[in-house]
Amino acid sequence: MRYIDEFRDGALAQRLAERIAAEVRPGRTYRFMEFCGGHTHALSRYGIAELLPPGIRMIHGPGCPVCVLPIGRIDQAIGLALERGALLATYGDVMRVPASGGLSLMRAKARGADIRMVYSAADALALAQANPSREVVFLAIGFETTTPPTALVIRRAAREGVANFSVLCCHVLTPSAITHILESAEVRAYGTVPIDGFVGPAHVSIVIGAGPYEHFAEEYRKPVVIAGFEPLDVMQAILMLVRQVNEGRAQVENEFARAVTRDGNLAAQAAVSEVFELRPAFEWRGLGEVPYSALRIRRAFAAFDAERRFGLAYAPVPDHKGCECGAILRGVKTPVDCRLFDTVCTPESPMGSCMVSTEGACAAHYSYGRFRDARLQGPAT
Amino acid sequence: MKHDYVRPLDLRTGRIDMNHGAGGRASAQLVEQLFARAFDNEALRQGNDGALVDVPPGHRLVIATDAHVISPLFFPGGDIGSLAVHGTVNDVAMLGATPLYLAASFILEEGLALAELKRIVDSMAAASRAAGVPVVTGDTKVVEQGKGDGVFISTTGVGAVPAGRTIGGALARPGDAVLLSGTLGEHGVAVLSQRESLSFETSIVSDSAALHGLVASLLAAVPEGAVHVLRDPTRGGVATTLNEIARQSGVGMTLHEAAIPVRREVEGACELLGLDPLYVANEGKLVAIVAAAHAEAALAALRAHPLGRDAARIGEVTDDPHRFVQMATRFGGRRMVDWLSGEQLPRIC
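Chains as they are written, first to last, in our numbering: chain R, 590 to 970; chain G, 23 to 371.
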């Protein structure tokens, strides 16, 4: 068992595809939202769309941490690095997210800001310890998956008395985002985004468990199948969703049972609640202000909170006028509905955040699925 | 009268200082005692500003140049010195030429340990001798501390190609076979494993190698004109190389994921780091686009050579005005293989 090929087995995929095709009701459309960027990426990278019958539509959700980070937060980080002389550490994909004034972290770096790419929160703390005369700020982003490591380094920094380390906390919460989508006018009132069920998060669910989704299944009558990020996981989850819809069930089912339990990782949850508390509101790119959807650092760890340490105020910045990232993140539009897609907005010069990470709906479609549009449009010139 | 005594270069504990780049005695001493000694050959011994060399009759010259800024300087399977030889020799070989000479310039950073520089120069000299391509002329400059990264090496290669042989990126034709000379991604992953910021333990070593011998075997096995394109997939990996060729030739390609050889360790490391081996750099692999009728003979020739043991036929050239490189996934779906976007792995060559 190598845990790679087993979950990418083409023969099994064909069998699953046949099962799904056999079980979908003729004439019925099944619209499933995959919340996570990891699933969006798997769907595109393995070409799963081609294996699914035409009645199944996958709607890309907002679960790409880089995509939902609003311009105002990147601006804060750039300000710290360019104007306050801080050494800013962050995860790689964040480097290219467009910010105000034509800047991004990568462009700020070219203007002299000291910005380093790290693979883990612990590396950011190590940078602080190696550069005691510098203010080192970790721009912490991500859903519940990346939150526990941030909590652990803040705890460690406190324990070891690291005086030059702080965190610009942009951690966001999955359940609040799902609620926000389900409560949105498009889903509830206009019916422009009919959602028949959710492919539930993989890694997030390892941390928070399957329990938090029970509310959606009951309250909103939407089936949720938690699925791993491997292509077979995604196909199996789609089959399970089709069955729930056919049988009129709306339950939380766990396809990713090899990693996800009902209660999740309790030690991680304890570390997170020790260090973080809910923010009353947080701006998401595309979703706007979402109440109680993000975390901030508790007062007990105030010394490590970059917002307090540098007296940062948050100023929201509107997205580019033509950019449809907002509608795409809510599932209202698809990348090809955006006028900027594949014209002025490409992975090389992204205008919107969905074009940055390959987990973003636009970048995934651009990098892996663009040839399908060409078939419809005819030859290029 | 006193002898013209100069204390020899301290190769054990000495360091490069600004004097070594000033053009005076210290510069001359560095060149004589380190570079000239290591690279020693007839053209270099002429001691002129340039090298006077012969051109084989009936041939055209191929010139290629390549700058090397890799960090770290030493990595499993090589170092910046051997890489500077292989990289340029391969660029010359990809036009079907026999590499003949190298020119090298070194940008040294003040403070670089002479012992490190000697290791690099010795390794470069060994690679040049093994490849049979001498370094016939060179230059050194020194920059202040903080303005370089130990050493940057720029090499220029000169090779000869028989008149009438044309191999180039614009010559792929629909129906041609796409061959790959071996497993993907070893160089990029080996270098990455040594990075301070994410060092991890692995047994993967760089594939850095001079490929002109492999090219010669390949070209000898098929009729002249059967090999349309040769290219070494370095930065940006095979995905980017194939997209370059598709654009230059105005064609599309279809790859078969199941046929693309990737070592298990590389696959595992890429999974862990979120990389796609198709985009990871190689320094000892080539892509050959060959007329379909001769594809099997070409593949057999590659496989018969030690550097092409794992060669595979990974796809075919298609007629596609969009110039898309597509891939039939092992999973049974289909997707595009796009250009590399952004900087996935900086400073790997």
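The C-beta atom is built at its ideal place from N, Cα and C for all residues, glycine as well.
For this session: Please decide whether residue 57 of chain G counts as near chain R, where near means a Cβ-Cβ distance under 8 Å.
Result: no
Exercise. Does DSSP classify residue 351 of chain G as helix, strand or coil?
Worked result: coil
Exercise. Is it true that the stretch 651–664 of chain R meets the stretch 913–920 of chain R, where meeting means three or more beta-carbon pairs spaced less than 8 Å apart?
Worked result: yes
For this session: Taking residue 604 of chain R as part of the beta strand (DSSP E), name the residues at either end of that continuous run.
Result: Careful: residue 604 of chain R lies outside any beta strand (DSSP E), inside the alpha helix (DSSP H) at 599–612.
For this session: Only counting runs of 4 or more residues, tell me where the alpha helix (DSSP H) segments fall wholly within the stretch 281–366 of chain G, in order along the chain.
Result: 286–295, 317–326
Exercise. Whole-angstrom Cβ separation of residue 643 of chain R and residue 609 of chain R, contact assumed at under 8 Å?
Worked result: Rounded, the Cβ-Cβ distance is 11 Å, inconsistent with contact.
For this session: Using a Cβ-Cβ cut-off of 8 Å, state whether residue 297 of chain G counts as contacting chain R.
Result: no
Problem set entry | First through last residue of the beta strand (DSSP E) which encompasses residue 128 of chain G | 120–131
For this session: Could you tell me which residues DSSP pairs with residue 159 of chain G in its beta bridges?
Result: G/125
For this session: Would you mind stating whether residue 277 of chain G and residue 359 of chain G have Cβ atoms separated by less than 8 Å?
Result: In contact: residue 277 of chain G and residue 359 of chain G (Cβ atoms closer than 8 Å).
For this session: For residue 970 of chain R, count neighbouring Cβ atoms within 10 angstroms of its own Cβ and tell me buried if that reaches 16, exposed if not.
Result: Residue placement at residue 970 of chain R cannot be trusted, given a pLDDT of 42 that sits under 50; the coordinates are not used to answer.
For this session: Provide the residue(s) that pair with residue 866 of chain R in DSSP beta bridges, ordered along the chain.
Result: Partner(s): R/885.
Problem set entry | Burial state of residue 70 of chain G (16 or more Cβ within 10 Å) | It is exposed - the Cβ of residue 70 of chain G has fewer than 16 other Cβ atoms within 10 Å.
Exercise. So, using beta-carbon positions, are residue 646 of chain R and residue 618 of chain R closer together than 8 Å?
Worked result: yes
For this session: Would you please verify whether the beta carbon of residue 229 of chain G is less than 8 Å from any beta carbon of chain R?
Result: no
For this session: Look up residue 909 of chain R in the DSSP assignment and say whether it is helix, strand or coil.
Result: coil
For this session: Tell whether a beta-carbon distance below 8 Å holds between residue 320 of chain G and residue 334 of chain G.
Result: Remark: C-beta atoms of residue 320 of chain G and residue 334 of chain G do not approach each other more closely than 8 Å.
Exercise. Is it the case that the Cβ atoms of residue 38 of chain G and residue 168 of chain G are separated by a distance below 8 Å?
Worked result: no
For this session: For my contact list, residue 713 of chain R and residue 796 of chain R are in at a C-beta cut-off of 8 Å; report their separation, rounded to the angstrom.
Result: Rounded, the Cβ-Cβ distance is 20 Å, inconsistent with contact.
Problem set entry | Sequence ranges, alpha helix (DSSP H) only - wholly within the stretch 708–760 of chain R, length at least 4 | 710–719, 736–749
For this session: Please check if any C-beta of chain G sits within less than 8 Å of the C-beta of residue 963 of chain R.
Result: yes
Problem set entry | Cβ contact check for the stretch 107–118 of chain G and the stretch 182–202 of chain G: 3 or more pairs under 8 Å | yes
Exercise. Between residue 639 of chain R and residue 843 of chain R, what straight-line distance do the alpha-carbon atoms span, to the nearest angstrom?
Worked result: Per the coordinates, the alpha-carbon of residue 639 of chain R lies some 25 Å from the alpha-carbon of residue 843 of chain R.
Exercise. Are there three or more Cβ pairs, one per stretch, closer than 8 Å when the stretch 160–178 of chain G is compared with the stretch 244–253 of chain G?
Worked result: In short, these stretches do not touch, since the Cβ pair count stays below three.
For this session: Could you work out which residue in R/800, R/890, R/621, R/733 is closest to residue 834 of chain R when comparing CA atoms only?
Result: R/621
Problem set entry | Cut-off 8 Å between Cβ atoms - residues of its own chain near residue 65 of chain G, not counting five sequence neighbours on either side | 73, 74, 75, 123, 156, 158, 159
Problem set entry | residue 663 of chain R - DSSP class collapsed to helix/strand/coil | helix
For this session: Give the straight-line distance between the Cα atoms of residue 990 of chain R and residue 634 of chain R, rounded to the nearest whole angstrom.
Result: Because chain R is modelled from 590 through 970, residue 990 of chain R falls outside the range shown and cannot be assessed.
For this session: Go ahead and pull the three-state DSSP assignment for residue 842 of chain R.
Result: strand
For this session: State the DSSP-derived secondary structure class of residue 960 of chain R, mapped to helix, strand or coil.
Result: In this structure, residue 960 of chain R counts as helix in the three-state DSSP scheme.
Exercise. So with Cβ pairs under 8 Å, would you call residue 272 of chain G a contact of chain R?
Worked result: no
Exercise. Shortest alpha-carbon distance to residue 923 of chain R belongs to which of R/949, R/685, R/785?
Worked result: R/949
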